[in-house]
Amino acid sequence: MFASVLSAAILGVEVCPVQVEADVSNGLPSFIMVGFPSAQVKEAQERVRTALKNNGYQFPPKRITVNFAPADMKKEGAGFDVPVAAAVLAAFEMISPQVVSRVMMAGEIGLDGEIHGISGILPIVLCARSLGSRFCVVPYENLKEGRLIRDVPVAGVKNLWELVECLKNPEPYLKREIQEEIPSIINTDMGMDFSDIEGQEGAKRAAEIAVSGFHNLLLIGPPGTGKTMLARRLPTIMPGLGFEEKLELTRIYSIAGLLSREHPLIDERPFRSPHHTSTPQAIAGGGRNPRPGEITLAHKGVLFLDEMPEFSRASLELLRQPMEDKVIQIARASGTYNFPADFMLCAAMNPCPCGYYPDLNRCTCTAGEITHYMGKISRPLLDRIDISTEVPPVSFSQLHCGRKGENSAAIRKRVEKVQKIQEERYKDEKINFNGQLKSSLIDKFCPLTDSASRLLARAFEKIAFSARSYHRILKVARTIADMEGEEMIAGHHIGEALSYRAFDKDSVIK
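Take the sequence shown: its position 508, counting from 1, is numbered 508 in full-length UniProt numbering, and each next residue is one higher.
If you want it as structure tokens, here you go:
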């Protein structure tokens with residue numbers, strides 16, 4: 001007897017449908033899996049066989065063949081246990097082959113028949129919607145995640161017995177309520193606000209400009225001046241996510257296995273802060289079956305690199321292409337995978353190895369040491385950072401005055417207003433922010449007054465800017481003009497944009 005069950009394989013951040021076919025025939029008793037299964041998938045035959053035996057399903061000695069189609073794509077993970085079990089049961093006619101028709105299934109089975117949760121349920125349910133499946137069967141642990149897609153019926157099952165009953169009569173399981181659990185983890189980042197930062201008005205202004213135009217930001221200053229504190233509060237001044245953006249992020253985190261079972265929907269912009277010892281593969285993503293890295297996990301949010309020069313050169317240089325293209329492409333022998341990477345880079349660094357340059361009373365570094373330290377970051381990478389600002393030490397009077405600064409909510413209102421201006425301006429250009437402007441669009445959307453043109457020309461005579469730096473200056477000036485509601489870029493807009501080139505100043509790089 002032959003039976004076929006629908007499942008799916010995750011390749012990068014894409015999902016491909018897989019037909020799990022089972023055939024039972026006469027011959028020497030065996031359980032064979034074909035169709036390019038990995039070692040993990042091949043282990044399913046022992047898990048499924050033992051689980052079925054332990055739940056009272058006895059089979060006559062037959063030749064069982066399970067095929068995963070298409071056969072030219074490697075199948076990874078333990079999520080094929082449930083479809084394999086359903087296909088075998090249908091092939092032995094213990095359940096009707098019709099009840100598994102056009103039903104998407106995924107899940108891992110324990111030896112006792114319990115069905116355990118897996119990663120990647122949300123994209124699998126999205127795949128079921130695109131294929132027009134009747135409904136989906138997922139582990140009960142993943143039910144809340146699966147039901148984020150409202151227009152696809154999703155049933156959650158806890159064990160093999162419930163799986164069989166669900167296939168025979170799905171209605172009770174499709175209407176099954178989710179038992180709410182008290183989260184065991186408390187978010188310690190709650191309550192962060194820009195008003196917590198004492199002083200540093202210049203750095204806060206640079207941060208507001210960076211978020212308004214989605215510009216990359218570099219903070220340079222001695223230890224203890226609030227660089228990390230400011231960076232961690234950047235998401236609090238970013239506009240909220242739309243529902244489609246939330247689903248996109250949840251899909252990425254589901255594939256990465258980072259979703260909370262209690263609160264599976266990602267409804268806040270991500271803030272990723274990898275340690276400087278992170279490998280290039282951890283930053284970019286990859287592996288035998290590529291998974292998202294920190295670049296992709298920061299999609300639609302902030303990627304923060306603290307102590308930027310301490311990262312390896314390879315880890316930093318791989319940022320260059322995704323910073324421009326907003327996507328990172330990973331090539332493997334099995335294929336090429338595209339991962340989304342539309343993130344805002346925020347980096348922090350000291351001006352020298354000891355951290356106190358140019359305070360010569362405290363700095364103990366030689367000119368050669370400073371040059372070597374700053375040289376750890378390549379010029380092409382620095383050219384891709386739109387805004388670079390110094391974060392000076394905070395004075396005693398600023399710390400002692402007790403006056404609270406502007407809160408995040410007030411700043412976010414201004415940011416939202418500026419981003420709406422950009423959204424309207426670029427509605428026909430397939431971009432959303434000034435930071436995404438291509439060089440071919442600069443002349444069209446960045447008109448300069450005469451004073452702005454003269455100031456920019458004088459700056460180029462004094463500092464040897466690259467063409468990329470020139471475009472970055474105009475993008476930042478465009479955002480500053482938008483913040484003032486001006487259509488033309490004036491001289492003081494260019495002047496402020498030029499002031500955010502701290503790494504071009506002799507006071508920072510020797």
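Glycine included, every Cβ here is placed at the ideal spot set by N, Cα and C.
**Study point:** Extent of the continuous beta strand (DSSP E) to which residue 35 belongs
**Key:** The count along the sequence shown starts at 1 and reaches residue 35 at position 35. Neither: residue 35 is in no beta strand (DSSP E) and is coded neither H nor E.
Check your understanding: Are the segment 267 to 283 and the segment 297 to 312 touching by the rule of at least three beta carbon pairs closer than 8 Å?
Key -> yes
Review point. Below 9 Å between beta carbons: does that hold for residue 100 and residue 25?
Key: To locate residue 100, count along the sequence shown from 1; it is residue 100. To locate residue 25, count along the sequence shown from 1; it is residue 25. It is not a contact, given that the beta carbons lie outside the stated cut-off.
Review point. Closest to residue 296 by CA distance: which of 288, 47, 313 and 323 is it?
Key: As a working note, residue 296 is residue 296 in the sequence shown. When each option's Cα is compared against that of residue 296, the closest is 323.
Check your understanding: Going by the beta-carbon positions, is the gap between residue 104 and residue 127 smaller than 9 Å?
Key -> Taking the sequence shown and counting its residues from 1, one reaches residue 104 at position 104. Taking the sequence shown and counting its residues from 1, one reaches residue 127 at position 127. In contact: residue 104 and residue 127 (Cβ atoms closer than 9 Å).
**Study point:** Beta-carbon proximity list for residue 38, same chain, < 7 Å, skipping 5 on both sides
**Key:** Translated into positions along the sequence shown, residue 38 becomes position 38. 74, 75 and 76, listed in sequence order.
Practice item. Report the rounded CA-to-CA distance for residue 172 versus residue 46, giving the unit in angstroms. Key: In the sequence shown, counting from the first residue as 1, residue 172 sits at position 172. In the sequence shown, counting from the first residue as 1, residue 46 sits at position 46. Approximately 30 Å, taken between the alpha carbons.
Check your understanding: Cα-Cα, which of 141, 255 and 251 is closest to residue 109?
Key -> Within the sequence shown, the letter at position 109 stands for residue 109. Nearest to residue 109 by alpha-carbon distance, out of 141, 255 and 251, is 141.
Review point. Under a Cβ-count criterion, where at least 16 other Cβ atoms within 10 Å of its own Cβ denotes burial, should residue 163 be classed as buried or exposed?
Key: As a working note, residue 163 is residue 163 in the sequence shown. It is buried - the Cβ of residue 163 has at least 16 other Cβ atoms within 10 Å.
Point to revise | Alpha carbon of residue 356 to alpha carbon of residue 194, nearest angstrom | key: What you label residue 356 is simply residue 356 of the sequence shown in a count that begins at 1. What you label residue 194 is simply residue 194 of the sequence shown in a count that begins at 1. So the two alpha carbons sit approximately 25 Å from each other.
Practice item. Mind the definition here: the segment 441 to 454 touches the segment 401 to 416 only if three or more C-beta pairs lie below 8 Å; say whether that holds. Key: no
Exercise for review: Evaluate residue 300 with the Cβ neighbour count: other Cβ atoms within 10 Å of its Cβ, from every protein chain shown; 16 or more gives buried, anything less gives exposed.
Suggested key: One-based indexing of the sequence shown puts residue 300 at position 300. Residue 300 should be labelled buried.
Exercise for review: Take residue 335 and list the residues in its own chain whose beta-carbon comes closer than 6 Å to its own, dropping the five residues that flank it on each side.
Suggested key: Residue mapping note: residue 335 aligns to position 335 of the sequence shown, counting from 1. Answer for residue 335: no residue qualifies.
Check your understanding: What three-state label does DSSP hand residue 71 in the structure shown?
Key -> Sequence index remark: in the sequence shown, residue 71 carries index 71 (1-based). Three-state result, residue 71: coil.
Exercise for review: Note down, in chain order, each residue of its chain lying with its Cβ closer than 6 Å to the Cβ of residue 21, except the 5 sequence neighbours on either side.
Suggested key: For this step, residue 21 is matched to residue 21 along the sequence shown. Around residue 21: 4 and 67.
Check your understanding: With contact counted as at least three CB pairs below 8 Å, one residue from each stretch, are the segment 219 to 227 and the segment 382 to 398 in contact?
Key -> Touching, yes, given that three or more Cβ pairs across the two stretches are closer than 8 Å.
**Study point:** Residues of its chain near residue 469, where Cβ-Cβ distance is below 7 Å and the 5 sequence neighbours each way are ignored
**Key:** Residue mapping note: residue 469 aligns to position 469 of the sequence shown, counting from 1. Cβ neighbours of residue 469 beyond the five flanking positions: 383.
Review point. For residue 25, does the three-state DSSP call read helix, strand or coil?
Key: As a position in the sequence shown, residue 25 is number 25, starting the count at 1. Looking at residue 25 - three-state DSSP - the assignment turns out to be strand.
Review point. If you draw a straight line from the C-alpha of residue 263 to the C-alpha of residue 484, how long is it?
Key: The residue given as residue 263 occupies position 263 in the sequence shown. The residue given as residue 484 occupies position 484 in the sequence shown. Distance between the alpha carbons of residue 263 and residue 484: 39 Å.
Practice item. Compare the beta carbon distance of residue 318 and residue 348 with 9 Å and say whether it is the shorter of the two. Key: Taking the sequence shown and counting its residues from 1, one reaches residue 318 at position 318. Taking the sequence shown and counting its residues from 1, one reaches residue 348 at position 348. Their beta carbons are not under 9 Å apart, which means residue 318 does not touch residue 348 by this criterion.
Review point. With C-beta atoms as the reference, is residue 405 less than 9 Å away from residue 201?
Key: Within the sequence shown, numbered from 1, the residue matching residue 405 stands at position 405. Within the sequence shown, numbered from 1, the residue matching residue 201 stands at position 201. Contact annotation: residue 405 and residue 201 have beta-carbon atoms nearer than 9 Å.
Point to revise | Candidates 114, 9 and 394: closest to residue 157 by CA position | key: Reading the sequence shown from its first residue, position 157 is the one you call residue 157. Closest by alpha carbon: 114.
Check your understanding: Where does residue 118 land, buried or exposed, given buried means 16+ other C-beta within 10 angstroms?
Key -> Numbered from its first residue, the sequence shown carries residue 118 at position 118. Buried: at least 16 other Cβ atoms inside 10 Å.
**Study point:** residue 231 CB to nearest heavy atom of the ligand SAH below 8 Å
**Key:** The ligand SAH is not part of this structure, which contains no ligands at all.
Exercise for review: To the nearest angstrom, report how far apart residue 475 and residue 250 are at their CA atoms.
Suggested key: Working through the sequence shown from its first residue, we reach residue 475 at position 475. Working through the sequence shown from its first residue, we reach residue 250 at position 250. Taking the straight line from one Cα to the other gives about 31 Å.
Exercise for review: Throw me the rounded Cβ distance for the residue 491 and residue 457 pair, which I believe falls under 8 Å.
Suggested key: As a working note, residue 491 is residue 491 in the sequence shown. As a working note, residue 457 is residue 457 in the sequence shown. Actually they are not in contact, since the Cβ atoms of residue 491 and residue 457 sit about 11 Å apart, beyond 8 Å.
Check your understanding: Are three or more beta carbon pairs between the segment 143 to 159 and the segment 83 to 99 nearer than 8 Å?
Key -> no
Point to revise | Inter-residue spacing [alpha-carbon to alpha-carbon] between residue 495 and residue 257 | key: Taking the first residue of the sequence shown as 1, we reach residue 495 at position 495. Taking the first residue of the sequence shown as 1, we reach residue 257 at position 257. Taking the straight line from one Cα to the other gives about 46 Å.
Review point. Is DSSP giving residue 340 helix, strand or coil here?
Key: Here residue 340 refers to the residue found at position 340 when the sequence shown is read from its first residue. Residue state, collapsed to three classes: strand.
Check your understanding: Out of 197, 326 and 321, which has the shortest C-alpha to C-alpha gap to residue 229?
Key -> Looking up residue 229 in the sequence shown gives position 229. Nearest option by C-alpha distance: 197.
**Study point:** Straight-line Cα distance separating residue 472 from residue 330
**Key:** Working through the sequence shown from its first residue, we reach residue 330 at position 330. Working through the sequence shown from its first residue, we reach residue 472 at position 472. If you take the alpha carbons of residue 330 and residue 472, they lie about 27 Å apart.
Review point. In this structure, does DSSP put residue 308 in helix, strand or coil?
Key: Stepping through the sequence shown from its first residue, residue 308 is reached at position 308. Here residue 308 sits in helix by DSSP.
Exercise for review: Express the C-alpha separation of residue 51 and residue 84 in angstroms, rounding to a whole number.
Suggested key: One-based indexing of the sequence shown puts residue 84 at position 84. One-based indexing of the sequence shown puts residue 51 at position 51. Whole-angstrom Cα-Cα distance: 12 Å.
Check your understanding: According to the neighbour-count rule (16 or more other Cβ atoms, all chains shown, within 10 Å of its Cβ), is residue 340 buried or exposed?
Key -> Residue mapping note: residue 340 aligns to position 340 of the sequence shown, counting from 1. So residue 340 counts as buried.
Check your understanding: Could you give the distance in angstroms between the alpha-carbon of residue 16 and the alpha-carbon of residue 69?
Key -> Taking the first residue of the sequence shown as position 1, residue 16 is located at position 16. Taking the first residue of the sequence shown as position 1, residue 69 is located at position 69. The alpha-carbon atoms of residue 16 and residue 69 are separated by roughly 10 Å.
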